[in-house]
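Take a look at the structure set out below.
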Amino acid sequence: MFPELKRYTSFAILLGIVALGASGLDAVRSTHEAQVAAVSSAAAETTNTANSVSAELGKLTGSLYQNATAPQNTRAPEAAQLAAASSRAALMKNLAETNPAAFLGYALPLTVRAKLSKLVQTQVEEQKTLTGTIDVLHADDFDHPENSTFKYFLNVGGKHLSLYAAQDLPALLSGSELTIKGYQLGDIVVTVGGPAEITVRKAAKPESVGKQRLLVVLVSRPSGPPTPSPQDMKKLIFSGPFAKFFEEQSYGKVSFAGDVTDWISFNYPSDHCQTNVLGAFDFDTPEIRAYILEKKIDLAKYDRAVFVPSPDFYPSCSTLGKQNVLFNGTTYRLSLSWKGWSDSLDVGYPIPSTFAHVLAHEMGHALGVMHANGWWCFGPSLYENCNHDEYANWFDVMGAGSLAAHFNAFYKDFLGWLAPKDKKIVTKTGTYTLTPLETANGVRAIILKNPAIATGNLAGFSYLEFRQPIGFDATLPADDAGIFINYPFTSAGS
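According to this note's numbering, the residues represented by the sequence shown are 1324 to 1817, in order.
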């Protein structure tokens, strides 16, 4: 890869994304009204492609404006206003999911909403500033990367609200505390996003060192469970390539131990990870709940849970870090992951099992990291005229991981697997020595700080690592072995 960087005309840079604190965000501030105005034009352009919905929303929104501003004696009856507002609310909720910018374009100003009756206001979005913690779920779709998506939820005053943003949200773990300016409509919140709308009050940190206590919940359809017994599944997960991979790449700083349930049978959606509900298939599912209670399983004994359904379950997904899980009146701190069972062996992958390979990817999310993507550049510098490519880091299981598996040095550092002696910050020209990232000794990361590139989503520093075909990276082709550069970004959608 490194010789390609010298061509400066068409080269690929490997990048990583991880949760950064508020100090890493752009300090530019603008008013809420200006931000909404900026996205409204984009909203109009997009909604024009759905003329029937746009026309209906325009009509209903117009009627609310008219009734809010007209003299009291000329307004429509309150029942008619309420019916119109309720129909509009349903359309607005759907729009929030598919096009948050368009939602903001239709949102009623606070002053207009205030002129409606209290009853009608219950069906109209309200401009608010909310402080709470977020839950982050990432749904993977390796066959169709464009469908790979983040889902956000805001916990405020005991309420669990779906959160949508017109711009990329900052890259943060579940449990991070935020103050958000936006519009609330029932159980959803819509914000422009960006530093003017979102203040990170406390960024959650990964809990990614030490023994990870794992509960594996096996789920099958009534037609019958897949082939592996719970005993075989336990050997596969805790003694197979999945656990060995993490032990190797963390230099012994992470291990997995735990238990596996029996196969629990019930009908469930095959596309759970693409649903909008976090926990539609979890410990609150009646059959799973009944099993946990019957077997007297104490969730306090575990740090993480992995749900393994039948092979037809696709795609896979995971929370980003741990979150609060309420079960039987008690709150537990757990990460949650979902990965359908697959017994295929793929000797072409660094981790020689499709199941273990994808489970390692989801566990990476659960530990606290995002994707290792590609950044294709076609300019005279390493960060000019570049295009994002989801999953396009072929040398990291958090990307495609088809040519090598180890997490990049940036992620290893973020997860606490590199000690201060294992990395070196470089700010001036000199000669520096890197040892292979796959080995347990020596400097394995050089951090290049360059405030000049701290623009947009670029964090202003990069990580250099030296990769060799060792261990789970043994499949690394000889012509790709060498120096890798990883650029961190500050937002989850980069």
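The C-beta atom is built at its ideal place from N, Cα and C for all residues, glycine as well.
Inset, instruction - Check whether the region 1679-1693 touches the region 1657-1668, taking contact to mean three or more Cβ pairs, one atom from each stretch, closer than 8 Å. - result: yes
Legend entry - Selection from R1612, L1799, G1724 that minimises the alpha carbon distance to F1650: R1612
Legend entry - Candidates E1449, G1783, E1500, H1694, of which the one nearest G1722 by Cα: H1694
Legend entry - Cut-off 6 Å between Cβ atoms - residues of its own chain near G1505, not counting five sequence neighbours on either side: V1512, V1513, T1514
Inset, instruction - Measure the CB-CB distance between A1391 and L1431 and report whether it falls below 9 Å. - result: yes
Inset, instruction - Can you check the region 1583-1656 for any beta strand (DSSP E) of at least 3 residues that lies completely inside it and give the ranges in chain order? - result: 1627-1631, 1640-1642, 1646-1650
Legend entry - Beta-carbon proximity list for A1728, same chain, < 7 Å, skipping 5 on both sides: F1568, P1673, I1674, V1720, F1795, D1796
Inset, instruction - Mark Y1755 as exposed unless 16 or more other C-beta atoms lie within 10 angstroms of its C-beta, in which case mark it buried. - result: exposed
Inset, instruction - Put S1409 into one of helix, strand or coil per three-state DSSP. - result: helix
Legend entry - Proximity below 9 Å, CB of L1484 to CB of D1510: yes
Legend entry - Any 3 or more C-beta pairs closer than 8 Å across the region 1439-1459 and the region 1399-1413: yes
Inset, instruction - Would you mind working out which of R1767, D1712, S1725 sits nearest F1733, comparing C-alpha positions? - result: R1767
Legend entry - Given 8 Å, three or more beta-carbon pairs between the region 1480-1495 and the region 1539-1556: no
Legend entry - Range covered by the beta strand (DSSP E) that runs through I1770: 1768-1772
Inset, instruction - For S1546, count neighbouring C-beta atoms within 10 Å of its own C-beta (all shown protein chains included) and say buried if the count is 16 or more, exposed if not. - result: exposed
Inset, instruction - Give the DSSP-derived three-state secondary structure of A1728 in the structure shown. - result: coil
Legend entry - Sequence-distant residues of its chain with Cβ nearer than 8 Å to Y1574 (five each side left out): W1740, A1763
Inset, instruction - Taking 8 Å as the threshold, find out whether the region 1530-1537 comes into contact with the region 1618-1626 through three or more Cβ pairs. - result: yes
Legend entry - V1577 versus V1583, A1566, D1585, residue with shortest Cα-Cα distance: A1566
Inset, instruction - Kindly list the residues whose CB is nearer than 6 Å to the CB of T1456, restricted to its own chain and excluding five residues on each side of it in sequence; keep chain order. - result: N1478, G1498, E1500
Legend entry - The beta strand (DSSP E) enclosing Y1755, as first and last residue numbers: Taken as a continuous stretch (DSSP letters only), Y1755 belongs to no beta strand (DSSP E), as it is neither H nor E.
Inset, instruction - Measure the alpha-carbon distance for A1345 versus A1526 and round it to whole angstroms. - result: With a pLDDT of 29 at A1345, under the threshold of 50, the modelled position of this residue cannot be trusted, and the question is left open.
Inset, instruction - In the DSSP assignment, find the unbroken alpha helix (DSSP H) run with P1423 in it and report its ends. - result: 1423-1429
Inset, instruction - In angstroms with no decimal places, state the Cα-to-Cα distance between S1586 and G1428. - result: Note that residue 1586 is Trp in the sequence shown, not Ser. Cα to Cα, the separation comes out at about 48 Å.
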